[in-house]
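This report refers to the structure that appears directly beneath it.
Residue numbers (the numbering used here): 90 to 336.
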């Protein structure tokens with residue numbers, strides 16, 4: 090309902106956007122790019138943003154140079170899930186370059202045609218739940234040049250490229266190394282590390298999605314205890330080997 094409030098009435102003014110139009114502008118920025126796209130977002134969960142993943146892949150197929158810049162992991166930063174890591178590796182194999190920057194907090198999306206400064210991270214909660222705002226700037230404006238200069242002076246010198254490595258299968262912990270009363274578990278949908286609780290084997294985000302339908306037999310992806318691939322459900326969150334440890 091606030092989209093019209095955020096729209097500028099002056100065609101020559103900066104375009105200030107609410108969340109819905111910010112997301113649309115981001116989609117268009119990627120779709121319309123013919124030369125390069127730089128996506129600067131401290132936090133990412135592209136595995137849960139299939140529209141963004143698809144658009145990145147299509148840009149790479151058009152031979153657009155796609156660069157993703159995220160925050161370097163630290164004690165306050167939760168890294169991508171295993172599924173997210175595998176997706177990032179897949180995009181890198183398709184040609185995307187991935188960089189990390191220490192203490193990154195800026196959110197900025199940039200192509201040869203537009204720049205988008207916004208509060209929007211490339212995570213599911215930003216797209217679905219949060220109140221976000223953005224400013225879209227065309228390449229013809231002086232502000233666009235300043236944004237390009239900002240990237241060159243504040244981002245590029247501090248970024249470190251993540252080398253491409255093949256995705257690896259998660260290692261199963263041996264029975265002798267795991268206490269009978271475990272405290273560490275995995276979300277059965279996304280494999281994020283969470284507290285071990287077979288009564289609620291989901292991270293907060295995926296639990297909120299699951300409870301929309303509340304189907305206890307719906308099959309997900311990972312064992313709640315060891316994290317290995319397994320058709321787990323809320324009723325049966327443990328693979329047979331892990332289930333035997335807790336009988």
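Using N, Cα and C, we set each Cβ at its ideal position, and we do this for glycine too.
Please read all numbers here as calculations on a predicted model, not as lab measurements.
Per DSSP, residue 106 forms a beta bridge with which residues?
For the purposes of this step, residue 106 is taken as the residue at position 17 of the chain shown. Looking at the DSSP output, residue 106 sits in a beta bridge with 223.
Under 7 Å Cβ to Cβ from residue 130, same chain only, skipping five residues before and after it: list those, please.
On the chain shown, residue 130 is found 41 positions in, with the first residue counted as 1. Answer for residue 130: 159, 196, 210, 211, listed in chain order.
Within 10 angstroms of its Cβ, does residue 306 collect 16 or more other Cβ (buried), or is it exposed?
Residue numbering aside, residue 306 sits at position 217 when the chain shown is read from its first letter. Residue environment analysis places residue 306 among the exposed positions, since fewer than 16 neighbouring C-beta atoms fall within 10 angstroms of its C-beta.
What first and last residue would you give for the beta strand (DSSP E) that runs through residue 123?
One-based indexing of the chain shown puts residue 123 at position 34. Residue 123: not part of any beta strand (DSSP E); DSSP gives it neither H nor E.
Look at the alpha carbon of residue 274 and the alpha carbon of residue 333, and state the distance between them as a whole number of angstroms.
As a working mapping, residue 274 is identified with position 185 in the chain shown. As a working mapping, residue 333 is identified with position 244 in the chain shown. Whole-angstrom Cα-Cα distance: 16 Å.
So within the stretch 191 to 246, which uninterrupted alpha helix (DSSP H) runs reach at least 4 residues, ignoring any that extend past its ends?
Segments of the alpha helix (DSSP H) lying fully in the stretch 191 to 246: 213 to 217, 231 to 239.
Candidates 133, 298, 331, 272: closest to residue 286 by CA position:
Translated into positions along the chain shown, residue 286 becomes position 197. Across the set 133, 298, 331, 272, the C-alpha of 272 shows the shortest separation from the C-alpha of residue 286.
Between the stretch 128 to 144 and the stretch 197 to 204, can you find at least three pairs of beta-carbon atoms closer than 8 Å?
Touching, yes.
Contact between the stretch 180 to 187 and the stretch 288 to 307 (3+ Cβ pairs under 8 Å)
Segments in contact, no.
Please identify the residue among 311, 322, 312 whose C-alpha is closest to the C-alpha of residue 303.
Locating residue 303 in the chain shown gives position 214, counting from the first residue. Nearest to residue 303 by alpha-carbon distance, out of 311, 322, 312, is 322.
Whole angstroms are fine: how far does the CA of residue 248 sit from the CA of residue 175?
As a working mapping, residue 175 is identified with position 86 in the chain shown. As a working mapping, residue 248 is identified with position 159 in the chain shown. Spanning the two alpha carbons is a distance of roughly 21 Å.
Given residue 154, which residues of its chain have a CB within under 6 Å of its CB, disregarding the five upstream and five downstream residues?
Here residue 154 refers to the residue found at position 65 of the chain shown. Within its own chain, the residues whose Cβ lies closer than 6 Å to the Cβ of residue 154, once the five positions on either side in sequence are excluded, are 125, listed in chain order.
When you compare each of 208, 244, 227 to residue 192 by their alpha carbons, which one comes out closest?
Residue mapping note: residue 192 aligns to position 103 of the chain shown, counting from 1. Checked all of 208, 244, 227; the closest Cα to residue 192 is 244.
Taking the alpha carbon of residue 173 as the reference point, which residue from 279, 320, 283 has its own alpha carbon closest?
As a working mapping, residue 173 is identified with position 84 in the chain shown. Among 279, 320, 283, the Cα nearest to that of residue 173 is on 279.
So what's residue 156 in DSSP terms, helix, strand or just coil?
Within the chain shown, numbered from 1, the residue matching residue 156 stands at position 67. Of the three classes helix, strand and coil, the one that applies to residue 156 here is strand, per DSSP.
Closest by C-alpha distance to residue 316, when choosing among 301, 281, 325
Position 227 of the chain shown, counting from 1, holds the residue named residue 316. For the residues 301, 281, 325, the minimum Cα distance to residue 316 belongs to 281.
With distances taken from CA atoms, which of 203, 328, 136, 162 is nearest residue 225?
Position 136 of the chain shown, counted from the first residue, corresponds to residue 225. With distances taken between Cα atoms, residue 225 lies closest to 203.
According to DSSP, is residue 260 helix, strand or coil?
Taking the chain shown and counting its residues from 1, the one referred to as residue 260 is at position 171. Confidence at residue 260 is low in this model, with a pLDDT of 47, below 50, so its placement is unreliable and the value that follows should be read with caution. In the structure shown, residue 260 sits in coil (DSSP, three-state: anything other than H, G, I, E or B).
Residue 329: buried (16+ other C-beta within 10 angstroms of its C-beta) or exposed?
Taking the first residue of the chain shown as position 1, residue 329 is located at position 240. Around the CB of residue 329, fewer than 16 other CB atoms lie within 10 Å, so the residue is classed as exposed.
Assumed close pair residue 216, residue 138 - CB separation to whole angstroms, cut-off 8 Å
Here residue 216 refers to the residue found at position 127 when the chain shown is read from its first residue. Here residue 138 refers to the residue found at position 49 when the chain shown is read from its first residue. Going by Cβ atoms, the distance from residue 216 to residue 138 rounds to 6 Å, so yes, they are a contact pair.
Would you kindly work out how many angstroms separate the C-alpha atoms of residue 119 and residue 133, rounded to a whole number?
Here the question's residue 119 lines up with position 30 in the chain shown. Here the question's residue 133 lines up with position 44 in the chain shown. If I take the Cα positions, the gap works out to 16 Å.
For the beta strand (DSSP E) containing residue 285, name the first residue and the last one.
Stepping through the chain shown from its first residue, residue 285 is reached at position 196. For residue 285, no beta strand (DSSP E) encloses it, and the DSSP letter there is neither H nor E.
Same chain, Cβ closer than 7 Å to residue 289, five either side skipped, listed in chain order:
Stepping through the chain shown from its first residue, residue 289 is reached at position 200. Result list for residue 289: 296, in chain order.
Return the residue from the list 232, 135, 246, 253 that minimises the CA-CA distance to residue 214.
Indexing the chain shown from 1 puts residue 214 at position 125. Here the closest residue by C-alpha is 135.
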